[in-house]
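Trainee:
Number of protein chains: 2
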Amino acid sequence: MNSYELHYPLVMDDNTKNMMANAYGALLQEKERGVTGYYNLPEDSLLLVEELQKEHPFDDFDRIAVIGIGGSSLGTKALHSFLGPKKKHLPIYFLENPDPVELRQTFEKLDKERTLFLVISKSGTTIETISIFKAAIEHFSLEVESNRHIAVITDVDSPLHKFAEEFGLKSFAIPKNVGGRFSVLSAVGIVPLTLAGFDTPKLLQGAKGMIEGFFALKEEHILQKAAFIAQNWPTYRMNVLFSYANELEDFNKWYVQLWGESLGKKDRYGKNVGPTPIGHIGPVDQHSFLQLIMEGPRDKTVSFLCIEDFEETLAIPNLSLPYLEKTDFVNGATFGRLVDEECKATMSSVRSQKIPIDHIVVPKFCEEGIGELIAYYELLTSATGAMLGIHTYNQPGVELGKKILKERFTK
Amino acid sequence: MNSYELHYPLVMDDNTKNMMANAYGALLQEKERGVTGYYNLPEDSLLLVEELQKEHPFDDFDRIAVIGIGGSSLGTKALHSFLGPKKKHLPIYFLENPDPVELRQTFEKLDKERTLFLVISKSGTTIETISIFKAAIEHFSLEVESNRHIAVITDVDSPLHKFAEEFGLKSFAIPKNVGGRFSVLSAVGIVPLTLAGFDTPKLLQGAKGMIEGFFALKEEHILQKAAFIAQNWPTYRMNVLFSYANELEDFNKWYVQLWGESLGKKDRYGKNVGPTPIGHIGPVDQHSFLQLIMEGPRDKTVSFLCIEDFEETLAIPNLSLPYLEKTDFVNGATFGRLVDEECKATMSSVRSQKIPIDHIVVPKFCEEGIGELIAYYELLTSATGAMLGIHTYNQPGVELGKKILKERFTK
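Chains A and B, in that order, are what the protein sequence lines are.
Residue numbers for the first sequence, in my numbering: 1 to 411.
Residue numbers for the second sequence, in my numbering: 1001 to 1411.
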C-alpha cells in the first residue's frame, strides 16, 4: 500500500548479494528461534484487541494518561500524532519527561474520575516512570487498591507486574523477547490506542502485510537499503528522515530511537559503529537544514517521507495581492498539493547533487499505512544490524549513566 | 549569568591561537563594517520596544498569530516555548507549516476580532507565508485596507513592505544586513514577544552583555569551541545539543537552523564543509539517542544545556511501593533535581568515553539567560564560519528547490 523508491548507488555485486542473503537468513532465524518477538506481534496483538473489546476491564473514562518514557511512549505518541487529528478518539496525554514544568501542566489536564492511567515500563523499575507514577498517586490522591482506573504494562514477573498483582490492578504483558523500542505493536501501544478508539486491527494488518512480504522475499528494497547503509556508513554517516507533515514529527522521534539505539554499537571486533539517524520536517526544515544537505559535506543519505493525500480541501485562494504577484503561481492549489510538490522539488534538487535519496509515500493518514511503515523501519533496522554484525536488540551503553545517577543520590 | 564549561581536547598551539585571533578580528570587522547587523540588535531593538509601548499601533487583541517560516518563526517560537509556561502573556500561534491539517487546526483557535496577525518574511515573497496569509484573508474574511489587526515585518522596500504601504498597514523593518536566522532579536521576534507581554528589554540586555563581553575578549571559550569544531569537523562530524527541559525543544530547532544553514557551505576552495547540528531532549532521549553516543562511532561532540533551577516545587513523594523499592533512592527530591542530576550523570558517563563535551547552564527560565544564550550561539556560529573560511550569512543551496517548485507548478 505504501510505496518505496530507492535511489542509492548500490553496487549489486556478489558481495552485496551475499550480504543481503545472509541478512535475510539471519532475520528468518531470529524469527524462528524467537530471538526477537516483534515479527509475531501483528498476529499476537489481535487477540489482545479482541480481549479488550470483550472484557471492558476498566470503569468509564474519557481520557488516557500514558506514564512511560522511551520505548514505552515514543511509538504510541508517533501513532497518536499521525492518526489523531483525522479521527474521533479519546485524547491520550503523555507523562514522559520528568521536567516539572511540563509535568504540572499535564497534571492539570487530568483528573481522578475520568482518567485511565497506564503505567508502562518494560523493566518495571524505570526511574522516571515510577517517580511520575508516585507523583500522580499523591497529586490525584489515587487509592491504588483494585483501582479500575489504573493498569500496568510490563514484562511478566517484573517488579511492576508483582506490584500490580499485589494490589489487584489489571496488568498487560510485554513479551520477554520484544525490546522496548520494538514494542509499539505489543500491549505497549495497542492497549492505549485501542482504548482510545483507533482501528488497531487495521494497524496490525498493515504491519503484518509488510512482515509477510519481507519474508516472502517481496520487499527486496529493504535489504538493498540496509546493504548500502551497512557498506557505506563510514562515508554516509547520517540518514536524514525528511518527513513532509507536522503529524510525522513524533514518528521521526520513534525512528531516531529505533535506529540509534539498535545500530549504535560496538561490533564483534570491538569497533564503534553505526550510522546516525536525524529527523526533519518539511517544508519547515527546507528553510533550515536543507542548505547543509545541499552544500555541506557528502556524509548524509536522505529519506523523503510524504503523504500522498492529506484529504483536506484547504486551498490557496485565487487572490492576487498587489506587489506579491510573484507568489500567484500556486494560487488555486490545495495546501496538500503545495506540500507534496515541495517534497518532490526538494527531492529533485537534492538528487541533482548526487546525494543518495529514497522516497517513501504513505497514501493518507490511515492505520494500514502507518502500521506498514512501522514494520518497514523495524525490518530495515534488523537487517542493517545483521549486516553490521552487531547486537541489534540490547543497549549496554545506557547502564553507566544509571549507575552514576544512583551514586549521585546515595553518596 | 549563564555558565559555559568546555571539555574539548583543544591543542592550544600557535596555529590555534592564530586561528582564534583571526576569527576575533574577522568578527570585529564584520561588526564595524556592518557586514552583518545582528551585533547591534540588542541596542537598536530597544528603541523598537519603546516605540511599541508608546504608540499602541493596534486595536485590542488577546492573541497573536505569527505567519512566518524558518528564520521568521523559529527564534520567536524558541523564546515563546522557553519563557511561556512561567509567564503571564498572550498566547502566540504559529502559522508556519503549510501542512493543511495543522493549518486548519490553528485557524480554529483564531478569530478576526481578537487576533493580531503578523505576516513575517524577510524577502517579502516567501511562498508558504504569503499563501497562508491569503488563506487567512479568505478564511477570516479579513478586510485588509487600514486594518489595525494586521502588520507586516519585512525588509525595507520588499514587495511585502510595498503591499503594506499600499493598504496602510503597519510595517516593521528587518535591517538589510540581518539574515533571517540571525533576526530573532530584530522586529521579527521583538514585536510579537513585546506585544505578548514578555520582558524584551531584559532579553536584549542578556544578549548585549554576551556580545559586549565577547568583543571585550571576556568570552574566550567561544573562540576555543569554534576552533575545536573548525579544526576537527571531519572527525567530529556532528554536534549534539542535549537540552534538559522540554521547554528547550524549539530552542534546539533554532540552533539547528542557525548552525546548519550558516556552516553547511562550499568553502573558498569549493569543498563541501560543515559540522551537522542535532538537537535532543533529556531525560527523554537518554532512553533513545544516548546508546549511539556512548557506543557508536566517535564522530560527535555533545553540548549539555541545563536549567539550574526550574523554580518548581513538584517533588517525588516519600512513597515506597511494594516491589518497587529499588526506585526509592530519589524519593523526596524535586523533579527539577532529578532532571539536573540525570544531566550530570549522563554527562559523566559520556565524558568517561573521552567524547568531547561542553556544559552550558542557564540559571532559570528568564529573559536574560535565554537572550545571552541566543547571542552565544550566534557568536559561536560566526566564529566557526570565519575559521572555516566560508560565507556564513548566505544560503545559496536552497534556491534550486525553489526554482524546481515553480517549474512544477507552471509547466
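All residues carry an ideal CB built from backbone N, CA and C; glycine is no exception.
Quick one: grab the DSSP three-state call for P277 (chain A).
Mentor: strand
Trainee: Counting only beta-carbon separations shorter than 9 Å, does S352 (chain A) have a partner in chain B?
Mentor: yes
Trainee: Looking only at its chain, what residues have a beta carbon closer than 6 Å to the beta carbon of E219 (chain A), apart from the 5 residues adjacent to it on each side?
Mentor: G213
Trainee: Run through the stretch 85-155 of chain A for me and flag every whole alpha helix (DSSP H) of 4 or more residues, listed as ranges in chain order.
Mentor: 100-107, 127-139
Trainee: Kindly list, in the order they appear in chain B, the residues whose Cβ is closer than 9 Å to that of E261 (chain A).
Mentor: H1287, S1288, F1289, L1290, Q1291, L1292
Trainee: Helix, strand or coil, according to DSSP, for T200 (chain A) in the structure here?
Mentor: helix
Trainee: When the Cα of E5 (chain A) is compared with those of A:H391, A:I357, A:K411, which residue comes out closest?
Mentor: Answer by Cα proximity: A:I357.
Trainee: Would you identify the three-state DSSP class for A1245 (chain B), choosing helix, strand or coil?
Mentor: If DSSP states are grouped into helix, strand and coil, A1245 (chain B) belongs with coil.
Trainee: What would DSSP say about S3 (chain A), mapped onto helix, strand or coil?
Mentor: strand
Trainee: Count the C-beta pairs between the stretch 381-399 of chain A and the stretch 1327-1340 of chain B that are closer than 8 Å, then say yes if the count reaches three, no if not.
Mentor: no
Trainee: Taking 9 Å as the CB-CB limit, is M238 (chain A) close to chain B?
Mentor: yes
Trainee: Can you check the stretch 152-221 of chain A for any alpha helix (DSSP H) of at least 4 residues that lies completely inside it and give the ranges in chain order?
Mentor: 159-167, 187-196, 200-215
Trainee: Using 8 Å as the Cβ pair cut-off and three pairs as the minimum, do the stretch 1364-1377 of chain B and the stretch 1300-1317 of chain B touch?
Mentor: These segments touch.
Trainee: The beta strand (DSSP E) spanning K1362 (chain B) covers which residue range?
Mentor: In the sequence under discussion, the amino acid at residue 1362 (chain B) is Val, which differs from the Lys named in the question. Counted as a single uninterrupted DSSP element, the beta strand (DSSP E) harbouring V1362 (chain B) occupies residues 1357-1362.
Trainee: For a contact meaning CB atoms closer than 9 Å, what does T1115 (chain B) contact in chain A?
Mentor: Those within 9 Å of T1115 (chain B) in chain A number zero; the least Cβ separation is about 18 Å.
Trainee: List the residues of chain B whose Cβ lies closer than 8 Å to the Cβ of V398 (chain A), in chain order.
Mentor: Within chain B, the C-beta atoms nearer than 8 Å to that of V398 (chain A) come from Q1286, H1287, L1290, Q1291, M1294, in chain order.
Trainee: Does chain B have any CB closer than 9 Å to the CB of N331 (chain A)?
Mentor: Interface criterion met: the Cβ of N331 (chain A) is under 9 Å from a Cβ in chain B.
Trainee: If we call anything under 9 Å between Cβ atoms a contact, is K176 (chain A) one with D199 (chain A)?
Mentor: no
Trainee: Would you call the stretch 1133-1143 of chain B in contact with the stretch 336-349 of chain A, where contact means no fewer than 3 C-beta pairs closer than 8 Å?
Mentor: Cβ pair count under 8 Å is below three, so no.
Trainee: Please report how far the alpha carbon of S352 (chain A) lies from the alpha carbon of H7 (chain A), in whole angstroms.
Mentor: Near 12 Å, if we compare the C-alpha coordinates of H7 (chain A) and S352 (chain A).
Trainee: So is V470 (chain A) in contact with chain B if we call contact Cβ pairs under 9 Å?
Mentor: Absent from the model: residue 470 (chain A). The displayed extent of chain A is 1 to 411, so no value can be given.
Trainee: Which partner residues does I229 (chain A) have in the DSSP bridge list?
Mentor: According to DSSP, I229 (chain A) bridges with nothing at all.
Trainee: Would you tell me roughly how many angstroms separate the C-alpha atoms of D14 (chain A) and L290 (chain A), rounded to the nearest one?
Mentor: D14 (chain A) and L290 (chain A): Cα-Cα distance of roughly 35 Å.
Trainee: Using a cut-off of 8 Å between C-beta atoms, extract the partners of S131 (chain A) located in chain B.
Mentor: I1316, T1327, V1330, F1335, L1338
Trainee: Give me whichever residues DSSP pairs with F304 (chain A) in a beta bridge.
Mentor: A:F242, A:H359
Trainee: Can you say whether M294 (chain A) is buried or exposed, counting buried as having 16 or more other CB atoms within 10 angstroms of its CB?
Mentor: buried
Trainee: Report the option in B:F1365, B:I1390, B:K1326, B:L1292 whose CA atom is closest to the CA atom of I1355 (chain B).
Mentor: B:L1292
Trainee: Does the distance from the CB of A1227 (chain B) to the CB of T1016 (chain B) come in under 9 Å?
Mentor: yes
Trainee: In whole angstroms, what separates the C-alpha of A1187 (chain B) from that of W254 (chain A)?
Mentor: One C-alpha to the other measures close to 36 Å.
Trainee: For T16 (chain A), which of helix, strand or coil comes out of DSSP?
Mentor: helix
Trainee: How many whole angstroms separate the CB atoms of P201 (chain A) and L46 (chain A), which I take to be in contact at a CB cut-off of 8 Å?
Mentor: 6 Å
Trainee: Return helix, strand or coil for N272 (chain A), following the three-state DSSP convention.
Mentor: strand
Trainee: In this structure, how does DSSP classify I64 (chain A) when only helix, strand and coil are distinguished?
Mentor: strand
Trainee: Helix, strand or coil: how does DSSP classify T334 (chain A) here?
Mentor: strand
Trainee: Assign E1032 (chain B) to one of two classes, buried (16 or more other C-beta atoms within 10 Å of its C-beta) or exposed (fewer than that).
Mentor: With fewer than 16 other CB atoms across the displayed protein chains lying within 10 angstroms of its CB, E1032 (chain B) is exposed.
Trainee: To the nearest angstrom, how far is it from the Cα of T76 (chain A) to the Cα of I130 (chain A)?
Mentor: 19 Å
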